[in-house]
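Heads up: the protein sequence lines correspond to chains A and B, in order. Position one of the first sequence corresponds to residue 2 (the working numbering), numbered consecutively onward. Position one of the second sequence corresponds to residue -8 (the working numbering), numbered consecutively onward.
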Amino acid sequence: MSLNKSALAFAGILLATTVLGTGAALAQAKVAIVTPYMAQPGTQFYVEAFEAVAAENDWEVNVIDTAGDVAAVISRIEDLVVQNVDAIVINVDPTQVTAGLQSAKDAGIPVFGMDAGADPLLVTNVTSNGYAMAAETSTYVADRIKGEGNVVMFVFDAFPPVQVRGVVADAVFGNFPDIKVLDRVTPDVSDGGIADSRAKMEAILAANPEPGSIKAVWAAWDQPALGALQAIEDAGRSGEGIVITGIDANPQAREAIAAGGNFEASVAQDFAGIGATTAEAVARVLAGEEILQSVTYVPTKLVTAANAAE
Amino acid sequence: MQLFVRRYGTLIGFVAILVFFSAVLPGTFPTARNWLNITQQVSMLMVVAAGMTIVMVMGDFDLSVGSAASLAGIVAALMMAAGQPIWAAVAVALLVGLLGGAFNGAMVSLVGILPFIATLATMTMFSGLAFVVSGGKTISGRAIPEDFGNFARGGIPLGEWGGVAISLPNLSIIAIVVVLAVWVLLEQTTYGRRLYAIGGNMEAAHLSGIAVKRLRLIAFSLTGLAAAAGGLMYASRVASANPVQGSGLMLNAIAAVFLGTTMSRHGEPRILATVVGVIVLGVLDNGLTQMSVDSYVRQVLVGALILLAVAASSVTQGRR
């Protein structure tokens, strides 16, 4: 044990990174995707579809997940600017990473939003129309309960794309004088959102034991809807006709909707379409084109028992 | 020789990392602009880790720093959104951190709860409070005065380097000032030496007349204050505040202090060693991003590095 052991260990790590780092060299354009939200199911679909288009264009794509840390997104954008990549794609509220966007702009590197939010420092933001999606499900709820009864809302105002959904649902329910919003719940999403939503719903069910005292659960995305469904089924109250809707139509939600229980509707965002459309926008700008719309909308679709299996 | 390995292994590893990145990324890594970026990127962690060093000198922990940082950011953002001046918002947020830290200190030293458990509980409390006062919302956009966000983007111009204008970022300056203050406190004052005495043997320190309870209370308060400062820097950098944004700081701060302890004689935390620990973490993120190493692989490497550094020093320590 004469040689410095930890120095040896460091050398080993460094050697490993050389091998990993040089894996994807010699491609034409360098494009990076930076997101703090990779763990969200939708994000993986965008990224995969983006990578598919990128592969056709022979780009070198660097996907960076900062695991929830927004300041780290700024740091990584700064690193990419120093590295002089050709384009950067972000999947985070742009107003929170202005410092990074500004340094990219100063260096003349175009930045694209992939379901991020509109911002003057972005070339364009590619997204679903959140207002329209929430209008689809909240009017579905209002129509199904014939414009009267108590509704439980699950919202998440900390994430702007989900926050706008809540705003529209508030407006729609507020427009029916006989609909009462019983509770506006923000679940803890650190475990994915289902478990805590279930616990919150169990408490609400316990507080409202009368059949018919809860007519519907409107959730701003699918996980709370699934949690609420579990709570309602476990409480033995699935026969009361409580209508549940989600948004995003993830596989678990589609399965629940297809099964024909309380979970009746959701809206499918075309995540793959968003990823592919973002990549196409990058391709257009790299080809020298100018993009005029600050937001590029990709169409969505209401999912019910009729089309859930598709 | 073994003492040499123990004390300088991490430092040699650090230099090896710098040499490696400079060799692989000669055009971008060893530039002034990149290094100024790094100092800015690690500034928040630096401040929180400096505060963490104070309690870890006594062998204690503070798991609540991340939540305290989030809470401070939220408090300041809410005050600014309500039209209060920036200085008042910052002052109140720092006070919240100080009081939160004092509460931790009271639980640990006066009530006598283990720091791990006491701060685990306050971690949840502070986080819950941040959610309660903010209603779970991210406070951003026009609610935050432009000057507050601009502060993190500003700095002292240092002239040109290779045709690019560079400046010493304001956040880096704050980090340097905090590190200097903690250095003076721990290395140059009786208070600091007493904290090390408590860390060496609390019973002996108590018997030799050191007011252990009071000193621990003050130490935890300072850690809370630093956490709040880190949270405010974070809020300024992202020009927004949400109730969870500081949560990543806690584990990284502890990791940085641990990395640092592998460089000191008896494995005790030293502020300058913590600085090296923080920079190691920041440099790895910066260099590996530039090398396009997958971000998950990066996490594994950073974790492995901490294990290796600490293992190398504790194995040799065990043999001695």
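Glycine included, every Cβ here is placed at the ideal spot set by N, Cα and C. Bear in mind the structure is a predicted one, so any value in this text is a computation, not a measurement.
Q) On the three-state DSSP scale, how would you describe A/Trp219? A) Start at 1 with the first residue of the first sequence, and residue 219 of chain A comes out as number 218. In the structure shown, A/Trp219 sits in a strand (DSSP, three-state: E or B).
**Q.** B/Ile147 - DSSP class collapsed to helix/strand/coil
**A.** In the second sequence, residue 147 of chain B corresponds to position 156, counting from 1. Three-state DSSP puts B/Ile147 in a strand.
**Q.** C-beta atoms of A/Met154 and A/Val182 nearer than 8 Å
**A.** As a working note, residue 154 of chain A is residue 153 in the first sequence. As a working note, residue 182 of chain A is residue 181 in the first sequence. Yes, they are a contact pair.
Q: For A/Ser267, write down the residues that DSSP places opposite it in a beta bridge.
A: As a first step, residue 267 of chain A must be located in the first sequence, where it is residue number 266. Answer by DSSP bridge pairing, in chain order: A/Val304.
Q | chain B contact residues for A/Asn63, given Cβ-Cβ distances below 7 Å | A | As a first step, residue 63 of chain A is located in the first sequence; it is residue number 62 there, counting from the start. Simply Ser283.
Q: Answer with buried or exposed for A/Pro37, where buried requires no fewer than 16 other C-beta atoms within 10 angstroms of its C-beta.
A: Taking the first sequence and counting its residues from 1, the one referred to as residue 37 of chain A is at position 36. Counting Cβ neighbours within 10 Å, A/Pro37 comes out buried, since at least 16 surround it.
(Q) I want to see whether chain A comes within less than 8 Å of B/Arg261, judged by CB atoms only; does it? (A) Stepping through the second sequence from its first residue, residue 261 of chain B is reached at position 270. No, its Cβ sits nowhere closer than 8 Å to a Cβ of chain A.
Q.
Are the CB atoms of A/Ile243 and A/Ile233 within a distance shorter than 8 Å?
A. Indexing the first sequence from 1 puts residue 233 of chain A at position 232. Indexing the first sequence from 1 puts residue 243 of chain A at position 242. Yes.
Q) What does B/Ser100 pair with, by DSSP beta-bridge criteria? A) Translated into positions along the second sequence, residue 100 of chain B becomes position 109. Paired residue(s): none; B/Ser100 is not in a bridge.
Q: From the DSSP output, read off the bridge partner residues of A/Trp60.
A: Translated into the one-based positions of the first sequence, residue 60 of chain A becomes position 59. When beta bridges are read from the DSSP output, A/Trp60 appears opposite no residue.
Q) According to the neighbour-count rule (16 or more other Cβ atoms, all chains shown, within 10 Å of its Cβ), is A/Trp222 buried or exposed? A) Locating residue 222 of chain A in the first sequence gives position 221, where the first residue counts as 1. Buried, since its Cβ has 16 or more Cβ neighbours within 10 Å.
Q: Would you kindly work out how many angstroms separate the C-alpha atoms of A/Ser267 and A/Thr246, rounded to a whole number?
A: Residue numbering aside, residue 267 of chain A sits at position 266 when the first sequence is read from its first letter. Residue numbering aside, residue 246 of chain A sits at position 245 when the first sequence is read from its first letter. A/Ser267 and A/Thr246: Cα-Cα distance of roughly 6 Å.
Q) Does the beta carbon of A/Glu79 come closer than 8 Å to any beta carbon on chain B? A) Here residue 79 of chain A refers to the residue found at position 78 when the first sequence is read from its first residue. A/Glu79 counts as touching chain B.
Q | For A/Lys31, three-class secondary structure by DSSP | A | Taking the first sequence and counting its residues from 1, the one referred to as residue 31 of chain A is at position 30. Strand at A/Lys31.
Q | Cross-chain neighbours of B/Ala210 in chain A, by beta carbon under 8 Å | A | Sequence index remark: in the second sequence, residue 210 of chain B carries index 219 (1-based). Near B/Ala210 there are no residues of chain A at all, since even the closest Cβ is about 27 Å away, more than 8 Å.
Q: Take the Cβ of B/Gly140 as the centre, count every other Cβ of all protein chains shown within 10 Å, and call the residue buried at 16 or more, exposed below.
A: As a working mapping, residue 140 of chain B is identified with position 149 in the second sequence. The residue in question, B/Gly140, is buried, as its Cβ has 16 or more Cβ neighbours within 10 Å.
Q) Is the CB-CB distance between B/Ile77 and B/Pro136 below 8 Å? A) Locating residue 77 of chain B in the second sequence gives position 86, where the first residue counts as 1. Locating residue 136 of chain B in the second sequence gives position 145, where the first residue counts as 1. It is a contact, given that the beta carbons lie within the stated cut-off.
Q.
Excluding the 5 residues flanking A/Asp70 on each side, which residues of the same chain have their C-beta closer than 8 Å to its C-beta?
A. By one-based count along the first sequence, residue 70 of chain A stands at place 69. Pro37, listed in sequence order.
Q.
By the 9 Å beta-carbon criterion, what residues does the segment 116 to 130 of chain A contribute toward chain B?
A. From the segment 116 to 130 of chain A, no residue has a Cβ closer than 9 Å to chain B.
**Q.** Range of the contiguous beta strand (DSSP E) that encloses B/Pro17
**A.** As a position in the second sequence, residue 17 of chain B is number 26, starting the count at 1. No beta strand (DSSP E) holds B/Pro17; DSSP gives it neither H nor E.
Q: Determine whether the Cβ of A/Gly69 lies closer than 8 Å to any Cβ atom of chain B.
A: Here residue 69 of chain A refers to the residue found at position 68 when the first sequence is read from its first residue. Yes, A/Gly69 lies at the interface with chain B (some Cβ there is under 8 Å from its Cβ).
Q. What does B/Val66 reach in chain A if we use C-beta pairs closer than 9 Å?
A. Start at 1 with the first residue of the second sequence, and residue 66 of chain B comes out as number 75. Listed by position along chain A, the residues whose Cβ is nearer than 9 Å to that of B/Val66 form an empty set, because the closest Cβ is around 16 Å away.
Q: For B/Phe11, name the three-state secondary structure that DSSP assigns.
A: The sequence position of residue 11 of chain B within the second sequence is 20, counting from 1. Of the three classes helix, strand and coil, the one that applies to B/Phe11 here is helix, per DSSP.
Q.
Given this structure, state the Cα-to-Cα distance separating B/Val87 from B/Val81, to the nearest angstrom.
A. Looking up residue 87 of chain B in the second sequence gives position 96. Looking up residue 81 of chain B in the second sequence gives position 90. Roughly 10 Å separates the two Cα atoms.
**Q.** Cβ of A/Gly22 within 8 Å of any chain B Cβ
**A.** The residue given as residue 22 of chain A occupies position 21 in the first sequence. In this prediction, A/Gly22 scores a pLDDT of 47, lower than 50, which makes its location untrustworthy; no coordinate-derived value is stated.
Q) Taking Cβ positions, are B/Met49 and B/Gly190 nearer each other than 8 Å? A) For this step, residue 49 of chain B is matched to residue 58 along the second sequence. For this step, residue 190 of chain B is matched to residue 199 along the second sequence. In contact: B/Met49 and B/Gly190 (Cβ atoms closer than 8 Å).
(Q) Taking CB distances under 8 Å as the criterion, tell me whether B/Gly294 reaches chain A. (A) One-based indexing of the second sequence puts residue 294 of chain B at position 303. No, because no Cβ of chain A sits closer than 8 Å to the Cβ of B/Gly294.
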